[in-house]
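In what follows, a structure is listed as structure tokens, so that the remarks can point back to it.
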Amino acid sequence: MKAKVYVTLKSGVLDPQGKAIQHAVELLGYTGVVDVRQGKYFEIALDDSLDDAGARESAERMAREVLSNPVIEDYRVEIEG
23 MKAKVYVTLK SGVLDPQGKA IQHAVELLGY TGVVDVRQGK YFEIALDDSL DDAGARESAE
83 RMAREVLSNP VIEDYRVEIE G
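Every letter in the sequence shown is one number past the one before it in this note's numbering, and letter 29, counting from 1, is 51.
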């Protein structure tokens, strides 16, 4: 079983790295880019003894307590079985 965790900055938090990426793609000639927000992606292999609910609970806890800063970041968890 695999958990996919996506961590992104909350919408009101400034993202200087995203702005730098946006500037870089504009310099490379890409047009129509209004905004870029960067984040983190984690793939976590989980023990097959966990059921879907246990896997989600474990991944949500890791995302909340270890992988993200809940003050400035949001996260989303997907479980693949």
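Glycine included, each C-beta is placed from N, C-alpha and C at the ideal position.
query	result
Rounded C-alpha distance that separates Lys62 from Thr53	25 Å
Sub-8 Å separation of Ala67 and Val27 beta-carbons	no
Cβ contact check for the region 26-44 and the region 94-101: 3 or more pairs under 8 Å	yes
Best match in Val56, Asp69, Ser71 for proximity to Val41 [C-alpha to C-alpha]	In the sequence as displayed, the identity of residue 41 is Lys instead of Val. Among Val56, Asp69, Ser71, the Cα nearest to that of Lys41 is on Val56.
DSSP-derived helix/strand/coil call for Gly61	strand
Straight-line gap, Ala46 to Gln39 (C-alpha atoms, nearest Å)	11 Å
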